[in-house]
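Enquirer:
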Amino acid sequence: MGFQFGYLVSILPSLGEAALINARLAAIIAVLAILGGTLLTILRAMKIAALNAVVAVVISFIRGTPLLIQIFIAFYVLPIFGLDLGPESAGVAAISLNSTIFITEMMRGGLTGIDPGQIEAATSLALPRWLIWRKVVLPQLFRIILPMLVNEVTVIVKGTALLSVITVVEVLRTSQQIAGSSFRPFETLVGAALCFLVLNLPVIAAGKVIERRTAGARR
Amino acid sequence: MTFDLSILAQYWPLFVKGTWLTIRICLAATIIGYVIGIVLALLSQIPSRAIKAAIEIYLLTLRAIPFIILLFVVYYGLPFSGIRIPAVITGTIALSLYASAYYAEIVRAAIEALPRGQYESARVIGMSALQAMRHVIFPQIVPTLVPPSTNITLTMIKESAVLSSITVAELTYQSLVVQGNTFAPFEAFAAVTLIYWAITAIVAHAASLLERRFGRARSEHLVGSALAASFLSLEAMPKRSRR
């Protein structure tokens with residue numbers, strides 16, 4: 001019983017279809033996380049002591065515990081508190097929050113790369129606070145963190161595979177279902193791995209291009 | 001909704017067992033992964049297109065594929081090629097491979113950040129390639145490796161939770177057992193969360209001590225004025241200005 005390429009090829013269409021679900025969920029999560037991370041960063045910069053204390057605990061919790069456990073909590077524990085989201089939404093919520101935290105921490109690092117004089121100049125021009133964020137800080141901040149942000153997108157795409165454990169029928173769960181009836185788990189799992197290569201390699205390649213370009217710009 | 005402590009009183013031995021296994025798996029995977037990573041980083045210094053391309057494919061593949069998929073591929077692939085080993089070994093191998101790609105990346109970046117002359121000078125005075133690495137290159141890159149290695153190790157500890165899906169009886173698996181037996185997900189996951197939190201906090205603290213030993217205490221970022229700090233610093237208290 002050798003590795004059957006023919007079988008692998010025959011299941012690729014159904015795996016590919018399932019991979020579109022991963023792509024869709026990853027896209028939703030990426031948008032939510034970038035928005036969430038940006039808003040949280042702006043909120044944290046306001047230095048409301050009580051709020052930042054809460055945020056600090058959340059950051060420590062998210063960074064210190066496995067994403068898988070966070071997904072379990074969203075799926076199994078939130079319903080106890082009356083928040084029954086269903087597997088897909090619970091998973092999206094868990095990964096989005098996780099990524100939001102990693103993005104706001106990226107931004108915290110990125111902000112140190114912006115010249116403080118620009119804020120003083122913008123303020124002396126009487127620009128309102130939100131406009132300083134929009135026109136001065138955020139455009140530069142996104143350029144600074146772009147390589148890390150692209151990397152985070154690959155992390156998000158990979159994270160969607162974990163949703164299989166809370167019954168979301170994405171590519172991994174689909175491959176397990178196919179393997180369950182064909183008894184060829186190795187080929188199907190290799191097929192699932194190929195799907196993630198197709199999803200993530202373009203993102204990684206884009207990241208490398210961006211990295212090279214920003215490295216060139218600095219020289 | 002009340003927090004039922006009796007569940008933890010009854011099941012704490014499972015959590016202890018799971019924690020111990022998680023620690024052992026992560027230690028083994030960190031060491032094996034780092035060794036593979038260093039070997040890959042050294043190999044990638046050999047001026048051969050074929051070797052470089054092979055390593056690049058290895059690194060890219062492991063970075064693009066979710067750990068849970070890699071784990072399943074190894075889990076089903078080993079018996080497929082006639083190798084039957086316990087799931088805990090399979091899991092440790094998969095975690096080591098996954099870690100090796102990330103460790104290789106940072107070791108390689110650290111080596112390549114050094115001026116090329118360092119290595120060449122060492123060779124010129126008669127050192128072998130290995131001696132040059134051991135006595136000239138590594139002593140210089142080790143301090144810079146501590147912070148990124150810490151990050152990767154913390155990520156690995158968290159990824160090890162995925163081993164529960166191939167029935168390795170580590171921490172996350174035990175929490176699922178407790179949850180299945182008691183139908184008390186809140187208590188089970190709260191306990192396991194706190195344990196992971198403690199493990200990662202201890203590792204992070206140990207790393208920061210190590211970092212200080214190498215004299216690379218993170219330099220505090222100073223933002224010019226309170227005004228600029230109200231945008232550019234997210235710390236609770238604005239840092240005192242240097243100006």
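Taken in order, these protein sequences are the chains called A and B.
Each step along the first sequence adds one to the number in the working numbering, with nothing skipped, and position 123 is 123.
Each step along the second sequence adds one to the number in the working numbering, with nothing skipped, and position 80 is 80.
Ideal placement from N, C-alpha and C gives every residue a C-beta, glycine not left out.
1) Would Pro-66 of chain A and Lys-158 of chain B qualify as a contact pair, given that the criterion is a beta-carbon distance under 7 Å?
2) Counting C-beta neighbours from all protein chains within 10 Å, is the total for Pro-79 of chain B 16 or more, i.e. buried, or is it exposed?
3) Are any of the Cβ atoms in chain B nearer than 7 Å to that of Leu-12 of chain A?
4) Could you give the DSSP three-state label for Leu-83 of chain A: helix, strand or coil?
5) Name the residues in the region 186-214 of chain A whose C-beta lies less than 7 Å from a C-beta of chain B; which are they?
6) Which residues of the region 69-99 of chain A have a Cβ closer than 8 Å to any Cβ of chain B? Give them in chain order.
7) For the region 135-213 of chain B, which segments carrying the beta strand (DSSP E) assignment without a break, of at least 3 residues, lie completely within its bounds, in sequence order?
8) If the criterion is Cβ atoms closer than 7 Å, does the pair Leu-227 of chain B and Thr-41 of chain A meet it?
9) So that I know if they touch, is there some Cβ in chain B lying closer than 7 Å to that of Thr-38 of chain A?
10) Taking the Cβ atom as the reference point for each residue, do Ala-109 of chain B and Gly-33 of chain B lie within a distance shorter than 7 Å?
11) In terms of residue numbering, what span does the alpha helix (DSSP H) encompassing Thr-19 of chain B cover?
12) With burial defined as no fewer than 16 other Cβ atoms inside 10 Å of the residue's Cβ, what is the status of Gly-6 of chain A: buried or exposed?
13) What is the DSSP secondary structure of Pro-79 of chain B, counted as helix, strand or coil?
14) Against chain A, with Cβ distances strictly below 7 Å, would Tyr-34 of chain B count as a contact?
15) Count the other C-beta atoms from every protein chain shown that fall within 10 angstroms of the C-beta of Asn-181 of chain B, then say buried if there are 16 or more, exposed otherwise.
16) Suppose you measure from the CA of Arg-242 of chain B to the CA of Ser-225 of chain B; what does that come to, to the nearest Å?
17) Nearest-angstrom Cα distance between Ala-111 of chain B and Pro-128 of chain A?
18) Using the beta-carbon of each residue, which ones in chain B are nearer than 7 Å to Val-127 of chain A?
19) Using beta carbons (cut-off 7 Å, strictly below), is Leu-193 of chain B in contact with chain A?
20) In or out: Val-9 of chain A buried (at least 16 other Cβ within 10 Å) or exposed?
21) Use the C-beta contact count for Lys-208 of chain A: other C-beta atoms within 10 angstroms, 16 or more gives buried, fewer gives exposed.
22) Name the residues in the region 26-51 of chain A whose C-beta lies less than 8 Å from a C-beta of chain B; which are they?
23) Counting pairs of Cβ atoms below 8 Å between the region 168-181 of chain B and the region 128-147 of chain B, do you hit three or more?
24) Starting from the Cα of Ile-73 of chain A, find the closest Cα among A:Ile-166, A:Ala-193 and A:Met-148 and give me that residue.
25) Can you list, in chain order, the residues of its chain with a C-beta nearer than 7 Å to that of Ser-96 of chain A? Leave out the 5 residues immediately preceding and following it.
26) With 16 as the cutoff for other CB atoms within 10 Å, does Ile-195 of chain B come out buried or exposed?
27) Taking Leu-189 of chain A as the reference, which of B:Pro-148, B:Leu-95, B:Ser-48 and B:Val-73 has the closest Cα?
28) Thinking C-alpha only, which one of B:Ser-48, B:Trp-12 and B:Ile-65 is nearest Val-153 of chain A?
29) Taking just the CA atoms, how far does Ser-81 of chain B sit from Phe-3 of chain A?
30) Going along the region 35-67 of chain B in order, which residues come within less than 7 Å of chain A, judged by CB to CB distance?
31) Is it the case that the region 144-155 of chain B contacts the region 205-214 of chain B, given that we only count it when at least three CB pairs across the two stretches are under 8 Å?
32) Under 7 Å between the Cβ atoms of Val-171 of chain A and Ala-192 of chain A?
33) Less than 7 Å separating the beta-carbons of Ile-55 of chain B and Leu-40 of chain B?
34) Let me check understanding here. Comparing Cα to Cα, which of B:Leu-234, B:Ala-191 and B:Ser-233 lies closest to Thr-19 of chain B?
35) What is the residue span of the alpha helix (DSSP H) that Pro-147 of chain A lies within?
36) Would you verify that the beta carbon of Ala-161 of chain A is, or is not, closer than 7 Å to some beta carbon of chain B?
Expert: Reading it off the structure:
1) With respect to the 7 Å criterion, Pro-66 of chain A and Lys-158 of chain B are classified as neighbours on the basis of their beta carbons.
2) Pro-79 of chain B counts as exposed, since fewer than 16 other beta carbons sit within 10 angstroms of its beta carbon.
3) It does not; no Cβ of chain B falls within 7 Å.
4) Looking at Leu-83 of chain A - three-state DSSP - the assignment turns out to be coil, as it is neither helix nor strand.
5) Per Cβ criterion, the list reads Phe-186, Leu-189, Val-190, Ala-192, Ala-193, Phe-196, Leu-197, Asn-200, Leu-201 and Ile-204.
6) Near chain B, meaning a CB-to-CB distance below 8 Å, the residues of the region 69-99 of chain A are Ile-69, Phe-72, Ile-73, Tyr-76, Val-77, Ile-80 and Phe-81.
7) Within the region 135-213 of chain B, no complete beta strand (DSSP E) segment of 3 residues or longer occurs.
8) In this structure, Thr-41 of chain A does not lie closer than 7 Å to Leu-227 of chain B by Cβ.
9) Output row for Thr-38 of chain A: interface = no.
10) Not in contact: Ala-109 of chain B and Gly-33 of chain B (Cβ atoms no closer than 7 Å).
11) That run of the alpha helix (DSSP H) goes 5-43.
12) By the neighbour-count criterion, in which 16 or more other beta carbons inside 10 Å mark a residue as buried, Gly-6 of chain A falls on the exposed side.
13) Of the three classes helix, strand and coil, the one that applies to Pro-79 of chain B here is helix, per DSSP.
14) No, its Cβ sits nowhere closer than 7 Å to a Cβ of chain A.
15) Exposed, because fewer than 16 other Cβ atoms sit within 10 Å of the Cβ of Asn-181 of chain B.
16) Since pLDDT at Arg-242 of chain B reaches only 45, below the 50 mark, its modelled position is unreliable, and no value is offered.
17) Inspection of the sequence shows that residue 111 of chain B is occupied by Ile rather than by Ala. Looking at the backbone, the Cα of Ile-111 of chain B and that of Pro-128 of chain A are separated by about 46 Å.
18) According to the sequence provided, residue 127 of chain A is Leu. The question's Val does not apply to it. Within chain B, not a single residue places a beta-carbon under 7 Å from that of Leu-127 of chain A; the smallest gap is close to 11 Å.
19) The identity of residue 193 of chain B in the sequence shown is Thr, whereas the question assumes Leu. With 7 Å as the cut-off, Thr-193 of chain B counts as an interface residue toward chain A.
20) Val-9 of chain A comes out exposed.
21) So Lys-208 of chain A ends up on the exposed side.
22) For the region 26-51 of chain A, the set of positions with a beta-carbon nearer than 8 Å to some beta-carbon of chain B reads Thr-41, Arg-44, Ala-45, Met-46, Lys-47 and Ala-49 in chain order.
23) Contact between the region 168-181 of chain B and the region 128-147 of chain B is not established, with fewer than three Cβ pairs separated by less than 8 Å.
24) Residue A:Ile-166 is the option with its Cα nearest to Ile-73 of chain A.
25) Taking Ser-96 of chain A as the centre and dropping the five residues before and after it, the same chain places the C-beta of Ile-29, Leu-32, Ala-33 and Gly-36 closer than 7 Å to its C-beta, in chain order.
26) By the neighbour-count criterion, in which 16 or more other beta carbons inside 10 Å mark a residue as buried, Ile-195 of chain B falls on the buried side.
27) For the residues B:Pro-148, B:Leu-95, B:Ser-48 and B:Val-73, the minimum Cα distance to Leu-189 of chain A belongs to B:Val-73.
28) The residue with the shortest Cα to Cα distance from Val-153 of chain A is B:Ile-65.
29) Whole-angstrom Cα-Cα distance: 9 Å.
30) Answer set for the region 35-67 of chain B: Leu-60, Thr-61, Arg-63, Ala-64, Ile-65 and Pro-66.
31) At 8 Å Cβ cutoff, the stretches touch.
32) Against a cut-off of 7 Å, the Cβ pair of Ala-192 of chain A and Val-171 of chain A comes out as a contact.
33) Contact: yes.
34) The residue from B:Leu-234, B:Ala-191 and B:Ser-233 with its alpha-carbon nearest to that of Thr-19 of chain B is B:Ala-191.
35) 138-159 is the span of the alpha helix (DSSP H), which, as asked, contains Pro-147 of chain A.
36) Residue-level contact check: Ala-161 of chain A touches chain B, since one or more beta carbons of chain B fall below 7 Å from its beta carbon.
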